[in-house]
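I have placed the structure first, in the form of structure tokens, so that the comments after it can refer back to it.
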Amino acid sequence: MTRISKYVSYNEAVKSQTATRLGIPNKPGVKELAAMKLVASQVFDKVREFVDGPLFVSSFFRSIDLNAAIGGSYTSQHCKGEAIDIDADVYNSNDFKNSDIYQYIRNHLEFDQLIWEFGNDYEPDWIHVSYKGSGNRKQILRAVKENGKVVYKKWGS
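Take a look at the structure:
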């Protein structure tokens, strides 16, 4: 199995049930793969070592066609290989929740965007985090639904 980092396999980073079901290719180019390796080594691997247990990657790389098929933002950093969605609740093999991961990233890691995805004031459904080789903004957002649409709001907690 090819790895892009210590804890992320290539297959894990590009897997998509939607891509498989619809026959959409989901293969990163050289530039996207390089960005994915940065996100994995600078964010995911560090979070994985913090929790000392498995974490579920719910979304990493998305081809432009796949992103369109799932209704993703046309500016999604997933298409550039710069973003990963993490869900600690899937394996539930350790004492860490998504909110713990969010706080760890916020307080200890470099990132471009950190998004508390839906959930409630105490626990997000998952965490979205992006990382760039340079120019990381440390932007903190919260995704909510308003009138049936996803809205990203600046958020300080």
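So for the sequence shown, our numbering puts the first residue at 418; every next one is plus one. C-beta: ideal position from N, C-alpha, C; glycine also. Just so it is clear, the structure is predicted and the values come from calculations on it, not from any experiment.
Where I487 sits in the DSSP three-state scheme: Within the sequence shown, residue 487 is the residue found at index 70, counting from 1. Residue state, collapsed to three classes: coil.
Which whole runs of the alpha helix (DSSP H) in the region 497-541 are 4 residues long or more, in chain order? 515-525
Assuming I585 contacts V460 (C-beta within less than 8 Å), just tell me the rounded distance between them. Lying before the first or after the last residue shown, residue 585 is absent from the chain, which here runs from 418 to 574.
Can you tell me where the alpha helix (DSSP H) holding R465 begins and where it ends? Counting from one through the sequence shown, the residue named residue 465 turns up at place 48. Per DSSP, R465 belongs to the alpha helix (DSSP H) from D462 to V468.
With a Cβ-Cβ cutoff of 9 Å, do A560 and G498 count as a contact? Residue 560 sits at position 143 when you count from the first residue of the sequence shown. Residue 498 sits at position 81 when you count from the first residue of the sequence shown. Their beta carbons are not under 9 Å apart, which means A560 does not touch G498 by this criterion.
Would you list the one or two residues that DSSP bridges to S547? If you number the sequence shown from 1, residue 547 lands on position 130. According to DSSP, residue pairing for S547 in a beta bridge involves A500 and Q530.
Would you identify the three-state DSSP class for I481, choosing helix, strand or coil? The residue you call residue 481 lines up with position 64 of the sequence shown. Correct three-state label for I481: helix.
Among W543, S516 and S547, which residue has its Cα nearest to the Cα of C496? Translated into the one-based positions of the sequence shown, residue 496 becomes position 79. Measuring from the Cα of C496, the nearest candidate turns out to be S547.
Under a Cβ-count criterion, where at least 16 other Cβ atoms within 10 Å of its own Cβ denotes burial, should H545 be classed as buried or exposed? Along the sequence shown, one-based indexing puts residue 545 at 128. By the neighbour-count criterion, in which a residue is buried when 16 or more other Cβ atoms sit within 10 angstroms of its Cβ, H545 is buried.
Name the DSSP beta bridge partners of S576, please? As displayed, the chain neither begins before 418 nor continues past 574, which places residue 576 out of reach and without an answer.
Excluding the 5 residues flanking E429 on each side, which residues of the same chain have their C-beta closer than 6 Å to its C-beta? As a working mapping, residue 429 is identified with position 12 in the sequence shown. Closer than 6 Å at the Cβ level, and outside the excluded window around E429, lie V474.
Who are the near neighbours of Y569 in its chain, counting only those whose CB is closer than 6 Å to its CB and skipping five residues on each side? As a position in the sequence shown, residue 569 is number 152, starting the count at 1. Excluding residues within five positions, the ones whose Cβ falls inside 6 Å are L558 and A560.
Nearest-angstrom Cα separation, counted from G565 out to V456: Residue 456 sits at position 39 when you count from the first residue of the sequence shown. Residue 565 sits at position 148 when you count from the first residue of the sequence shown. Cα to Cα, the separation comes out at about 31 Å.
For P442 and W572, what's the separation of their Cα atoms in angstroms? One-based indexing of the sequence shown puts residue 442 at position 25. One-based indexing of the sequence shown puts residue 572 at position 155. Going from the Cα of P442 to the Cα of W572 covers about 35 Å.
Residues of its chain near A486, where Cβ-Cβ distance is below 7 Å and the 5 sequence neighbours each way are ignored: In the sequence shown, the residue the question calls residue 486 occupies position 69. These residues qualify, in order along the chain: T435, L439 and I441.
Residue closest to K562, alpha-carbon to alpha-carbon, out of S516, P541 and F535: In the sequence shown, the residue the question calls residue 562 occupies position 145. Of S516, P541 and F535, the residue nearest in Cα terms is F535.
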